[in-house]
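Below: the structure, in structure tokens.
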Amino acid sequence: MQASRARLFKELKEVQREKSADPDIKLICDDSNIFKWTALIKGPTETPYEGGVFQLAFAVPEQYPLQPPQVRFLTKIFHPNVHFKTGEICLDILKNAWSPAWTLQSVCRAIIALMAHPEADSPLNCDSGNLLRSGDNRGFNSMARMYTRLAAMPKKS
Amino acid sequence: MDSQEKQAAADCESNNDVLEIEDWANFRDDDIMRQHYDIRDQEAEKIPYVGDKEPLSALAAEYHSGSPILLEKIKVLSDQYGFIRRTRGDGNCFFRGFMFAYLEHLLVSQDRNEVDRIKGKVEHCKKTLQSLGYAEFTFEDFFSLFLEQLDSILQGGENSISETELVQRCRDQSVSDYVVMFFRFITSGEIKSRSEFFEPFILGLSSSTVDQFCKASVEPMGEESDHVHITALSDALGVPIRVVYLDRSSCDSGSVSVNHHDFIPASDQHTLDGGSVAINPKITLLYRPGHYDILYLK
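As given, the protein sequences belong to chains A and B, one line each in that order. Just so we're aligned: the first sequence equals residues 1470 to 1626 in this note's numbering. Just so we're aligned: the second sequence equals residues 11 to 308 in this note's numbering.
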């Protein structure tokens, strides 16, 4: 518990120091609880998520950094490796390939990379995975684009 | 949280007993992870990270009605070795075995020169990781915990510990797992910094790149060790390790013999080539396919 808290404070300090280092990621720690974080990440360019801003919720376990943080999308996203209802993410480093060499910041980078390179063969969102696997890129792109517009972009008045 | 999700969360909590799970549609990755941890905890109750020192006859007892070759080999082993100390089979057994055997050796020998030497190596490993681009705050806690153990091993200081305390520490997850993770960092740094040397071995094992191998098979806790890990750790710290192999292989020529392999640090090999100093590893691990335990000379 003490070790995880100390590590998270270091990450917090690093995030504040390197604020401008990664303009695509904004990590925010809960004011009253160092084990709760949210992140805003920009959809990668040349993907249907471009122009969208996606919110992630982090729940950090007491065994951190020996155990991975739990991360899910709060913003609705149409992606083969993200559960459409719960926002759960299928990513190896959040499961058995986790190691303390990762940080909350680098997890965000890995999630952005996953957005740009979906793994259609291990889908949590089967509809999305099936579109890609059947080669219907146009169908996939338009669905993903529609949800980006609906959920991840500011409403135009 | 929408209501359906709340329901899902509630389901998981009420269905901790695996047999009662009715709604598999709501059984998510998180639940699988939790199940993994539960199984690990249950196993943990059966054997501590590091067991008690047992006579070698305890090993023979395991194969009571088993392979005669193994019983023969254990008999051969007992000429040289008197005791075994088991480690938990959680994928970290090589690192855990090395941790205990090395710290115990220092505690018994009180070899201050060796402690100073290893501290120098650790400092060097830190620089290696930094030059590989690791952020210091990701590994420094693991490093300082190991250095703390070294300091308390030497007697006469305020925080000196006894053999019993060493056993307790190595059984305490907050120390034991941190030291294992320290070794994983060291091993990964060594492999990456000498990638051209390790690449062919890694290709033979897993047909992945050096970076992928370190990311998937060295740095995560619970990933089992192979000769690549042992070579890298032995080289990085400059500590020779003997591994005795207990398996069913035999030769037809009659008498049974037990194979062993000495992992001699790369830096010492040059001395070997030039001079004639025989290197006697102070650390001996017993390998049975898939698992490492600690062996003690008579």
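Note that CB positions come from ideal geometry on N, CA and C, so glycine has one too. Here the structure is a predicted model, which means the values were calculated and not measured.
With contacts defined by Cβ atoms closer than 8 angstroms, T294 of chain B and V254 of chain B form a contacting pair.
A direct Cα-Cα distance of roughly 6 angstroms separates A1528 of chain A from F1504 of chain A. If you draw a 10 Å sphere on the C-beta of V118 of chain B, you find fewer than 16 other C-beta atoms in it, and that means exposed.
Between V125 of chain B and L164 of chain B, the beta carbon gap of about 6 angstroms places them in contact (Cβ cut-off 8 angstroms). For the pair of segments examined, the stretch 97-107 of chain B was found to touch the stretch 230-242 of chain B: the number of CB pairs separated by less than 8 angstroms reaches three.
The alpha-carbon of K308 of chain B is positioned some 49 angstroms away from that of F1478 of chain A.
Secondary structure note for E200 of chain B: its alpha helix (DSSP H) is the uninterrupted segment Q183 to S203.
Interface flag for K292 of chain B against chain A is unset, since no Cβ pair is found closer than 8 angstroms. The DSSP-derived three-state label of T294 of chain B is strand.
The stretch 1529-1579 of chain A contains, as complete beta strand (DSSP E) runs of 3+ residues, the segments 1539-1542 (chain order). Judged by beta-carbon spacing, L247 of chain B lies beyond the 8 angstroms limit of S203 of chain B, meaning their Cβ atoms are not closer than that value. Around the CB of Q159 of chain B, 16 or more other CB atoms lie within 10 Å, so the residue is classed as buried. Counted as a single uninterrupted DSSP element, the beta strand (DSSP E) harbouring H301 of chain B occupies residues H301 to L307.
By the Cβ neighbour-count rule, P275 of chain B is buried, with 16 or more other Cβ atoms within 10 Å of its own. The criterion of a C-beta distance shorter than 8 angstroms is satisfied by F1523 of chain A and T1544 of chain A. Under the Cβ distance rule, P1569 of chain A counts among the residues neighbouring chain B, one pair being separated by less than 8 angstroms. The stretch 1567-1578 of chain A makes contact with the stretch 1506-1513 of chain A: 3 or more CB pairs, one atom from each, lie closer than 8 angstroms. The stretch 199-213 of chain B and the stretch 165-176 of chain B do not touch, with fewer than 3 CB-CB distances between them shorter than 8 angstroms. In the DSSP assignment, E64 of chain B falls within the beta strand (DSSP E) that extends over V60 to P65. Contact between G61 of chain B and T97 of chain B holds, with the beta-carbon distance rounding to 7 angstroms and staying under 8 angstroms. Residue range Q1471 to R1486 is occupied by the alpha helix (DSSP H) that includes K1479 of chain A. In this chain, the beta strand (DSSP E) harbouring A1508 of chain A covers K1505 to K1511. Its chain contains S1597, M1612, A1613 and Y1616 as the residues whose beta carbon lies nearer than 6 angstroms to that of F1547 of chain A, once the 5 sequence neighbours on both sides are disregarded; these appear in chain order.
Residue state for Q45 of chain B is assigned as helix, using DSSP reduced to three classes. Under the Cβ distance rule, N1565 of chain A counts among the residues neighbouring chain B, one pair being separated by less than 8 angstroms. Collapsing the DSSP output to three states places D1605 of chain A in coil.
Judged by DSSP secondary structure, C1498 of chain A falls within the beta strand (DSSP E) whose first and last residues are I1494 to C1498.
At a cut-off of 8 angstroms between beta carbons, K1479 of chain A contacts chain B.
The C-beta distance from E64 of chain B to F93 of chain B rounds to 6 angstroms, short enough to fall under 8 angstroms. The closest CA to that of Q222 of chain B, considering only A:R1486, A:D1561, A:A1589 and A:N1550, is found on A:D1561. At the C-beta level, E200 of chain B and A242 of chain B come within 8 angstroms of one another. Nearest CB-CB separation between F147 of chain B and chain A: below the 8 angstroms threshold. G214 of chain B carries a helical assignment under DSSP once its states are collapsed to helix, strand and coil. Identification of residues in the stretch 1526-1554 of chain A having a C-beta nearer than 9 angstroms to some C-beta of chain B yields Q1532, P1534, L1535, Q1536, P1537, Q1539, H1552 and K1554, given in sequence order. In chain order, T1544 and K1545 place their CB closer than 6 angstroms to the CB of A1620 of chain A, counting only its own chain and leaving out the 5 sequence neighbours on each side.
Chain-ordered listing is empty here: chain A has no CB closer than 9 angstroms to the CB of M109 of chain B, the nearest sitting near 15 angstroms.
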